[in-house]
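Chains as they are written, first to last, in the UniProt record's numbering: chain A, 1 to 188; chain B, 1 to 188.
What follows is a set of notes on a single structure, which appears directly below.
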DNA sequence: TTCATTTTGTGATTTTCGTCACAGGTTGAT
DNA sequence: ATCAACCTGTGACGAAAATCACAAAATGAA
């Protein structure tokens, strides 16, 4: 196991040496300064990123306010699937929340690899399954949990979020005002 | 095109005659009475359903109240992916909202088909991509839209929801009280 | 048709949470 | 070390939506 990326790939689907190498040669590393933008609203997304170090923040701009919908930490993959898949302009931004290192996968290259290798297609399917489960979990935060329960959920399941993301950033992720998070935090 | 199912499959990914037949032979039709339960909370999900007629309702039980998270209409696929994928007990229910006809795909059979056919694996990946995009859209309803905007979104994008689902059922899907939906509806 | 059941509309009241305002802390750059 | 920029805590207040209660309407079964 020579790299974080290789381990991250294997954790999604166990690939043969050949398939793994195909994927590893389809990507390149990219260092990011804090605040650097990977995807802007209005731009068509053509890339999937794997986070090796630091984290990426996905947010929407609603009436001038930023609403965070995702924080992608080490060993996670992230993209704007809607834009990537359909070629429509992205409605969100993806930005480095800290100085970071990511690996970039170009959509066209990946599609080509899917055609070449059933193993890689299977990897793609497994990655999507995992992303969908995560997404449903997060959606359920809003649908079946109260504000207090949402905070407790993050404390229990994503404690690093509290350590690495400011309370202001966290508040929109949890769908409440900054002041409300502060008050919930106090009453624990 | 001999069936609704065949059309539904082709709309996800264009399959050869052979691949399409493999899938079509892996499934069987099942008629459902209104209210009939396909998946109970606590049960491990082992099936993906395709809705030919009627609709399925996915809901969670929260302190004795039912919270609807999904309505799956004609030509849609539905499952509890988290339970299906990991074999953990399901946290939700899936039930027929009307008298319905569905096609059942057993998980094990599908996994076997993925191994046999790259085309079907590709179909699976495409289906997941579509489910993930839909799921993200619905999650964004809660994250970036006000209550009034959520209702307007459904009017615009899913008008059949208003026609086929009762206002009470809709209210939990939109994350608000029944009375609030009624009042929002009046002010339009 | 009739009657029971379910669904919807609507006012009154209460609760929750957002907004505003500001003070104190923390961080980071020079 | 200093200062500006940002972040967090907290009180006061108001707006929005939940809850409660009940009437009206729609639905469906016999």
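Backbone N, C-alpha and C define an ideal beta-carbon position, used for all residues, glycine too.
- Close to chain A, meaning a Cβ-Cβ distance shorter than 9 Å, are the following residues of the stretch 150-172 of chain B: 172.
- Using a C-beta cut-off of 8 Å, the stretch 120-137 of chain B makes contact with the stretch 123-134 of chain A, since at least three inter-stretch Cβ pairs fall below that distance.
- The C-beta distance from residue 68 of chain A to residue 57 of chain A rounds to 6 Å, short enough to meet the 8 Å contact threshold.
- A direct Cα-to-Cα measurement between residue 184 of chain B and residue 141 of chain B gives close to 16 Å.
- Ranked by how close their Cα comes to the Cα of residue 78 of chain A, the residues A:89, A:153, A:59 and A:63 have A:59 in first place.
- A straight-line Cα-Cα distance of about 14 Å links residue 135 of chain B and residue 158 of chain B.
- For residue 114 of chain B, the closest Cβ of chain A is nearer than 9 Å.
- Listed in chain order, the beta strand (DSSP E) elements of length 3 or more contained wholly in the UniProt domain "Cyclic nucleotide-binding" (11-120) of chain B are 27-32, 37-39, 47-53, 56-62, 65-72, 92-96 and 100-106.
- Nearest neighbour of residue 96 of chain A by Cα position, chosen from A:152, A:11, A:49 and A:180, turns out to be A:49.
- Taking C-beta atoms under 8 Å as the contact rule, residue 119 of chain B and residue 19 of chain B qualify, at a distance of about 4 Å.
- Distance between residue 147 of chain B and residue 147 of chain A, taken at the CA atoms: about 16 Å.
- Apart from the 5 residues on each side of it in sequence, residue 28 of chain A sits with its Cβ closer than 8 Å to the Cβ of 103 and 104 in its chain, given in chain order.
- For residue 178 of chain A, none of the residues of chain B pass the 9 Å Cβ criterion, the least Cβ distance being about 16 Å.
- Interface criterion met: the Cβ of residue 125 of chain A is under 9 Å from a Cβ in chain B.
- Listed along chain B are 129 and 133, each with a C-beta nearer than 7 Å to that of residue 85 of chain A.
- Note on residue 149 of chain A: under 16 other CB atoms within 10 angstroms of its CB, so exposed under the neighbour-count rule.
- Boundaries of the alpha helix (DSSP H) around residue 157 of chain B: 147-157.
- It is roughly 11 Å from the alpha-carbon of residue 32 of chain A to the alpha-carbon of residue 52 of chain A.
- Counting only residues of its own chain and dropping the five nearest sequence neighbours on each side, residue 4 of chain B has a CB closer than 6 Å to the CB of 52.
- One Cα belongs to residue 100 of chain A, the other to residue 8 of chain A, and the distance between them is close to 16 Å.
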